[in-house]
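Below is one structure, written out as structure tokens; the observations come after it.
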Amino acid sequence: MRTLSGIWRRSGTFGARAGTALAALVLLGSAGTAVAAEPGTVPSATATPRATATATPNGRPADGETQSERLAAELRRNPVYVSADRPRGLPRSLAPDIAALAERTGVPTYVLALPAGDATLLGLVHDRLGEDGLYVLISDHSSITASAFGVDVPVEEAGRIALYGTPYGAGPLAAFESFADAIASGHDRAAARADELYDRYHEDGKPDLYISSTDRQNQNLLLGLAVVVIPGLVLALGIRLSRRRSDRSQPTGTKKEAVSQAPAVRLEKGSGKGSGTGSGTGTGKGSGTATAKSKAPARATWPASRRRGVLPVTVVAAVAAAVAVVLAAPTVFPQTVDSPYLDVTQDDLNARVEEVAAGLAAGPIYQDPSTAYVLTAADLPTIRQRIAGLAPKGPVHVLATTTGSDDESGGDSSTLLARVHQRTGQNGVYVLIDPVSGRIDLETFGTDQDSSRRFMRLPSGVRYPEYRRDGDLRVVPRLERTLDAVAAARPEKGYDSATQDTELPPLHDNRLPGLFSSDFGPGIMLGTMLLGVLLLIAWLVIAIARAVLRSRREHAADPSPPQRSGPRHTTALPSVRQLRSWATADVRELTGRLAAADQDAPGRARAWDCLDAAGLLADSGDEHPDAITQAGNLAAVAVLARAGLAALQGQLEPSLCRLNPLHGEATGGKVPGWLAGTGIGPRSARLCPACHHALRGSGANRSTADRAAREREAAERLLGLPGADSRSRTAWDEAGQVLPAAREGLEALILRARESASVQ
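Going by my numbering, the first residue of the sequence shown is number 151, and it counts up by one from there.
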């Protein structure tokens with residue numbers, strides 16, 4: 151992802167210009183006097199126009215010449231300099247297009263397209279060139295760095311527009327176009343546009359201009375799904391409608407007549423007016439409604455001809471849906487390329503090799519002006535002397551140039567060195583130094599020496615730089631170790647061939663795979679399976695809905711509750727899942743029964759109070775910080791719901807079972823006297839019939855029973871709720887703040903539940 155590092159450090163203010171001038175004075179003080187070169191010829195036709203006034207004959211830079219001086223010389227010849235290091239990302243043949251865009255700025259503009267650089271480099275180049283204007287650096291990842299000298303243009307705003315206004319993947323040319331147009335728009339418009347783009351994209355990121363081949367595969371997979379699922383669902387819906395209408399159109403037989411003639415029970419609010427029983431006579435509005443309902447005519451059905459036409463229409467609609475998916479695909483997915491089109495020529499691919507070969511023809515060391523020099527003027531004499539001493543091992547050539555996926559070799563240093571060897575026609579040892587990453591590579595051609603083997607045996611710290619806080623790549627000491635390996639080489643006949651593979655990888659074809667290809671077939675298969683799953687789910691939903699509706703109709707016809715024998719919730723050690731299941735089921739049942747109950751039914755007021763308290767407590771159930779309180783509240787909801795159901799049946803006992811309030815009303819009698827001695831009291835507490843009968847018949851009720859046996863018997867029937875972990879249990883009358891109120895009766899529990907919910 152791009153950063154603002156190259157934008158915020160732009161000069162244009164007094165402090166930045168002063169720093170640039172100071173750096174320039176230091177460099178000028180340490181550099182030697184440049185000597186103008188005489189015109190000369192070089193072996194390469196490509197290298198001839200690159201010769202400058204600060205270069206020695208044959209294109210070799212002077213020993214004291216710096217990178218900024220060579221770049222200034224290039225800009226003196228042409229205000230646009232494009233490095234030959236990245237022909238696959240920004241070919242040199244695009245220089246005229248960049249120059250045309252630079253003219254839009256309306257001010258003198260000098261453009262450098264380099265693999266790396268910063269605003270400091272632009273300041274040094276300006277000082278060497280001596281011309282005011284706008285200096286722009288286009289570096290890797292299409293980032294734009296610019297500095298203005300002697301011209302008033304919105305440099306900072308234009309940089310932000312290029313950063314945030316250029317979609318990902320648009321390419322360096324598009325980024326520079328955004329920058330140039332922003333410069334031409336003036337300060338006010340550029341500032342407003344920069345702020346707008348920053349607010350829009352600085353957090354969520356910019357959109358991608360292109361999609362990848364993987365995205366196209368996903369699109370084809372989606373098309374495969376759509377071309378099966380959409381028509382399949384249309385066809386299934388049509389078949390369903392056809393069968394449904396067909397079933398409805400069947401003539402009513404004796405069985406259907408019997409069902410339709412069954413008396414319908416209608417429950418009205420208020421007194422029994424209008425209500426009827428299964429065998430009694432209905433008077434008034436209610437019975438009249440039931441009679442009218444039983445005699446109502448059957449629903450209107452489709453004629454046979456229309457029913458027969460549903461299926462053909464459905465088939466046509468399914469085919470039309472499939473055709474619509476196919477026809478709409480190019481509109482929904484219009485992308486055809488995955489990157490901007492670059493017309494990379496063979497000259498672009500050969501340009502760097504030509505420059506390197508021309509430089510090596512003039513001397514054993516070549517440093518690419520597109521990157522910072524890693525070998526200083528002070529280092530060069532020593533290294534040249536060392537190289538001269540290695541002549542018996544084969545001529546040694548050192549070239550410092552960057553490599554990457556956008557260069558002619560696709561980042562393959564072996565191919566790059568093989569092409570340089572082929573172009574120079576000289577066997578020997580070729581050492582490649584990457585000034586950006588600091589990596590060192592070595593290849594030998596026709597030396598019959600094992601130099602490359604010895605180089606590979608060196609520690610990795612020689613080939614790759616170690617991390618340092620100051621960013622020093624320590625190229626010179628590592629190069630010395632590399633030359634030591636060459637010096638230690640031993641003759642080995644035929645070890646290295648003079649001819650190696652120089653074929654370049656093919657250029658990237660930015661055309662995307664076509665629609666309805668690649669993953670379209672798997673998408674059809676997956677769509678078939680998905681359609682089957684969807685139809686199965688639909689069938690299950692319909693079946694469940696039918697069962698629910700049937701159950702509700704049956705319940706409406708006979709709202710009397712089923713009779714139960716004994717307590718519903720028998721276990722004394724329920725889990726939280728069981729408590730939640732019981733509470734949910736009981737509240738749902740109470741809600742349905744209360745809705746179906748007569749307005750004047752006895753116990754309806756208490757049932758409503760129980761439902762209200764249970765609902766309030768259930769709504770606040772997720773706010774309890776500990777497991778014990780949560781379990782106690784779930785149990786309280788179940789107790790309240792069961793009490794409400796009992797009230798609708800006319801059971802209005804206010805007290806609850808002392809051992810397990812989930813058992814309901816305490817109509818079995820008082821607790822045995824010995825139970826209070828175990829800590830479960832008071833003596834006036836009451837039990838449900840089941841608990842009372844169980845304790846009366848147990849051995850603990852005998853006068854000879856010891857305290858341990860009685861405590862064990864009581865513990866087996868006392869409701870214990872799960873604590874913080876699954877192994878601990880807490881007695882229900884100590885679980886939270888709500889459930890313990892059940893010891894005082896149902897009314898106290900209702901009041902406590904409402905108070906707890908209101909506080910929360």
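Virtual Cβ for every residue (Gly too), placed ideally from N, Cα, C.
- Asp235 and Val303 have their alpha carbons spaced roughly 30 Å apart.
- For Ser297, the secondary structure class from DSSP, reduced to helix, strand or coil, is strand.
- With 16 or more other CB atoms across the displayed protein chains lying within 10 angstroms of its CB, Pro872 is buried.
- Within the DSSP bridge table, the entry for Gln599 names Pro641 as partners.
- If the five residues before and after Gln801 are omitted, its C-beta is found closer than 7 Å to the C-beta atoms of Glu815, all from its own chain and listed in chain order.
- Under the three-pair Cβ rule at 8 Å, the stretch 324-337 counts as touching the stretch 290-298.
- The Cβ-Cβ distance between Gly818 and Cys841 falls below 9 Å.
- Contact between Thr632 and Ile590 holds, since their C-beta atoms are separated by about 6 Å, short of 8 Å.
- When only Cα atoms are considered, Arg640 and Pro542 end up about 11 Å apart.
- For Gly895, the three-state secondary structure derived from DSSP is coil.
- Looking from the CA of Cys838, the closest CA among Asn810, Ala850, Arg857 and Pro832 belongs to Asn810.
- Within the stretch 854-893, the alpha helix (DSSP H) runs of at least 4 residues that lie entirely inside it are, in chain order, 857-867.
- CA-to-CA, the gap between Asn851 and Glu861 works out to about 11 Å.
- In the assembly as shown, Ile288 is a buried residue. Its beta-carbon has 16 or more other beta-carbons within 10 Å.
- For the set Arg220, Gly315, Leu806 and Gln576, the Cα lying nearest the Cα of Ala791 is the one of Leu806.
- Minimum Cα-Cα distance from Ile778 among the listed residues Val494, Val586 and Arg877 corresponds to Arg877.
- Only buried fits Val377, as 16 or more other CB atoms lie within 10 angstroms of its CB.
- The alpha-carbon separation between Val487 and Ser363 amounts to approximately 9 Å.
- For Gln799, the three-state secondary structure derived from DSSP is coil.
- The distance from the Cβ of Val524 to that of Pro237 is about 22 Å, inconsistent with a contact at the 8 Å cut-off.
- Note that the C-beta distance between Asp646 and Thr678 is not below 9 Å.
- The beta carbon of Asp556 sits closer than 7 Å to those of Arg236, Arg238 and Gly239, all from its chain and outside the five residues before and after it, given in chain order.
- In the displayed model, Ala234 falls within coil according to three-state DSSP, outside both helix and strand.
- For Ala550, the enclosing beta strand (DSSP E) covers residues Val546 to Ala550.
- Annotation: Ala252 to Val261 spans about 8 Å, alpha carbon to alpha carbon.
- Taking the Cβ atoms as the reference, Ser233 lies roughly 5 Å from Leu264, within the contact range of under 8 Å.
- In the structure shown, the three-state DSSP call for Glu593 is strand.
- When secondary structure is reduced to three states using DSSP, Glu815 falls in the strand class.
- Secondary structure of Gln517 (DSSP, three-state): strand.
- Close CB contacts of Arg343 within its chain, under the 8 Å cut and outside five residues either way in sequence, are with Glu307, Ile311, Gly315, Ala332 and Ser335 (chain order).
- With contacts defined by Cβ atoms closer than 9 Å, Leu385 and Ala467 form a contacting pair.
- Annotation: the continuous alpha helix (DSSP H) that includes Ile537 extends over Leu530 to Gly539.
- The beta carbons of Ser392 and Asn660 sit no closer together than 9 Å.
- The beta-carbon distance between Val581 and Leu566, rounded to whole angstroms, is 12 Å. This is too long to meet the 8 Å contact definition.
- Per DSSP, Leu262 is one residue of the beta strand (DSSP E) stretching across Thr259 to Ala263.
- With a cutoff of 9 Å on beta-carbon distance, Asn500 and Gly544 are scored as not near each other.
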